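Taking my numbering, the leading residue of the sequence shown gets -13, the next gets one more, and so forth.
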Amino acid sequence: MFIRQQGLPRLNKLLNGYRKQRGCRIISREGGLKEAIEALNNNEAIGMTVDQGGSTGLLIDFFGFPASIPKGAVKLALRHKAVLIPIFFARINGPKIKVWSGEEISLSGSQDESVDIRSILRKAIAIFENFIFNNPKEYLWTYKIWKHSNKKKILILNDGRTGHLRQSEAVARLAQEVLSRQDIESEVEMVEVSFKNNFRRILLNLFPVSLEKSLSPDSFNKVFGISADIIISAGSSLSGVNFLLSRDNLSKSIVVMRPALLGLNKFNLVIVPRHDLPARGKNVVVTDAALNLIDEESIGLESKKLSASKGLNKGRLYMAVLVGGNSKRFNLSPVLILRLMEELKSLSRSLNADILLTTSRRTPKEAEEIIKRELKGFDAVKLMVIANEANIPEAVGGMLGLSDIIISTPESISMISEAVSSRKYVFVFNAPGLSLKHERFLKYLAERKYIYRDEIGNLGNMIKGVWAAKPVLPSLRDSQLVSQALNKIL
């Protein structure tokens, strides 16, 4: 038997002991090629596996997906005129084994050995697939047979929160770029995960044991039916799901933000924003802002769409205004919105700048009404998107691409992170009710001049001063740091 030594010495000794009891001679794959050739020359039979190619095998479709298949058996048979016979085993009645012997696989072909090896392996794998299809319970490997495939599947677990999904999508895009540089194709699939109840969700993160008992039947059936190579989730609520799925699928696990009560070492990569006060570790990447999909290419494409559909002049000075909404502690009050509108109109006149404004799904109805009333008939308003009435998919990206000045309400970490990623001058006004985490986030970005921050009554003066000086814009390195970390684990 031509075998690979096991990683556990005692298990290796036990298995080889059983083999020798039945008259098998052991030839180790590590340096045993000469011995294998001698065995063939002595008219002996050699047993070799056909589904453990590792990093040196040929990529052959195995159940419709490229897998690394070892070429050693076929190469030996071709070069030493040996007969190639498929053999299968099945356990019956306890210790007894039933053996199937297939017909000899034809080795005839071209004069090109590499072409012949691939052709013969395809024949062998087709026979192998047929046996497994008819006897599925006889086939089990504890390693991932498609590990060295040139196609990968990326699974995003979605907790239903848009900000979390955008961060996961940003990681997935970076992972695809890393895989592409390795000539590996990839596809991304997203599954929205729901729990039976909050108690089950909390329990799973404390004791990650059973997905079936924790997830809703629909969610369980969806995630259970997907075999992924990379699993990505954002937010603490899905860390237990990610851990169990990646363990069962032998997948790379990537979590964004703190992984609840599970340790950081449970995952291949943990991406944590600085404002979450992350613990440090070899598998931890700390980002300055929240990951997002905004980059030069994306805002360039979306600004072209927006310009074409709304007749915007790219040569004008535009100010993009991003209006969020209420959060747990923050209240986007009518007073704040009214003062923002006053500053905005005054600033527009001073700079001769046009206004592009969008609200979000979270914007209160009262705030929307104030915005519409205050900006009605104001000539400098070239685009006003009320997201709860008629949203435009490319609104945010297009506005970021067209504008040189960006003004944002202070409560949304993801919205401000997107603005900063556009590499424009970003301005945020102070307001009461922000959490300590939000304050840490804003303070850090302001200290490093990613954003400029002041009281709402001084917003216009601050913007005019910065616009006149036009200081150098710093660039976030979050995507580069995450790409480097992904390159190590992929």
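Every residue, glycine too, gets a C-beta built ideally from N, C-alpha and C. Computed from a prediction, not measured in an experiment: that's the story for all the values here.
Around the C-beta of Trp132, are 16 or more other C-beta atoms found within 10 angstroms, so that it is buried, or is it exposed? buried
Ala275 and Val242 look like a contact to me (Cβ under 8 Å); what is the Cβ gap, rounded to whole Å? So it is not a contact: roughly 12 Å between Cβ atoms.
Note down, one range per segment and in chain order, each beta strand (DSSP E) of at least 3 residues found wholly within the stretch 386 to 472. The qualifying runs are 391 to 394, 411 to 415, 438 to 440.
Is it buried or exposed, Val414, if we count other Cβ atoms within 10 angstroms and call 16 or more buried? buried
For Tyr4 and Ala76, I'd like the C-alpha separation in whole angstroms. 17 Å
Please give the ranges of any beta strand (DSSP E) in the stretch 92 to 155, keeping only runs that are unbroken, at least 3 residues long and fully inside the region. Unbroken beta strand (DSSP E) stretches of 3 residues or longer found wholly inside the stretch 92 to 155: 137 to 144, given in chain order.
Within its chain, find whatever has a CB closer than 6 Å to the CB of Thr273; leave out the 5 residues flanking it on each side and keep chain order. Pro259, Asp464
Ignoring anything shorter than 3 residues or poking outside the stretch 171 to 198, list the beta strand (DSSP E) runs there in chain order. 171 to 178
Hey, is Leu361's beta-carbon within less than 9 Å of any beta-carbon in chain D? Of the chains in the structure shown, none is chain D; there is only one protein chain.
Considering only their Cβ atoms, is the gap separating Glu163 from Asn278 smaller than 9 Å? no
For Asn121, which residues from the same chain have a beta carbon less than 7 Å from its beta carbon, with the 5 sequence-adjacent residues on both sides left out? Ala76
If you run the structure through DSSP and keep just helix, strand and coil, what is Thr42? helix
Can you tell me which residues form a DSSP beta bridge with Ala478? In this structure the chain extends from -13 to 476, so residue 478 is not present and cannot be described.
From which residue to which residue does the beta strand (DSSP E) around Met370 run? Note, Met370: beta strand (DSSP E), 367 to 371.
Assuming Ser295 contacts Gly387 (C-beta within less than 8 Å), just tell me the rounded distance between them. Between Gly387 and Ser295 the Cβ distance is about 13 Å, and since that is not below 8 Å, they are no contact.
Evaluate Asn228 with the Cβ neighbour count: other Cβ atoms within 10 Å of its Cβ, from every protein chain shown; 16 or more gives buried, anything less gives exposed. buried
Going by DSSP, what residues sit across from Ile(-11) in a beta bridge? Ser14
Look up Arg77 in the DSSP assignment and say whether it is helix, strand or coil. strand
Return the chain-ordered ranges of every alpha helix (DSSP H) run that is complete within the stretch 192 to 239 and spans a minimum of 4 residues. Assignment of alpha helix (DSSP H) within the stretch 192 to 239, counting only whole runs of 4 or more residues, yields 197 to 200, 203 to 210, 225 to 235 in chain order.
Can you tell me the Cβ-Cβ gap for Ser154 and Ile218, rounded? I've got them flagged as a contact below 8 Å. 5 Å
Of the residues Ile285, Leu342, Arg315, which one's Cα is nearest the Cα of Gly297? Nearest C-alpha to Gly297: Leu342.
To the nearest angstrom, report how far apart Asn269 and Arg167 are at their CA atoms. 22 Å
Would you kindly check if the distance between the Cβ of Leu337 and the Cβ of Leu303 is under 9 Å? yes
Could you spell out the range, first to last residue, of the alpha helix (DSSP H) harbouring Pro320? It spans 320 to 337 - the alpha helix (DSSP H) in which Pro320 sits, taken as one unbroken run.
Comparing C-alpha positions only, which one of Glu380, Val179, Glu90 sits nearest to Ser284? Glu380
To the nearest angstrom, how far is it from the Cα of Gly451 to the Cα of Tyr411? 12 Å
With H, G and I counted as helix, E and B as strand and the rest as coil, what does DSSP make of Val382? helix
Run through DSSP, which three-state label would Lys290 get? helix
How is the beta strand (DSSP E) around Ala306 delimited, first residue to last? 304 to 308
Smallest Cα separation from Ser319: which of Arg348, Lys423, Thr345, Glu352? Glu352
CA-to-CA distance, Val271 to Leu467, given in whole angstroms: 7 Å
Just to confirm, are Glu397 and Ala376 a CB contact at a threshold of 9 Å? no
So is Pro56 buried or exposed if we call it buried at 16+ other beta carbons inside 10 Å? Buried.
Taking 9 Å as the cut-off, decide whether the C-beta atoms of Asn251 and Gly226 are in contact. In this structure, Asn251 lies away from Gly226, with their beta-carbon atoms at least 9 Å apart.
Residues sharing a beta bridge with Lys84, DSSP: Ala76
Ends of the alpha helix (DSSP H) at Leu1? -5 to 7
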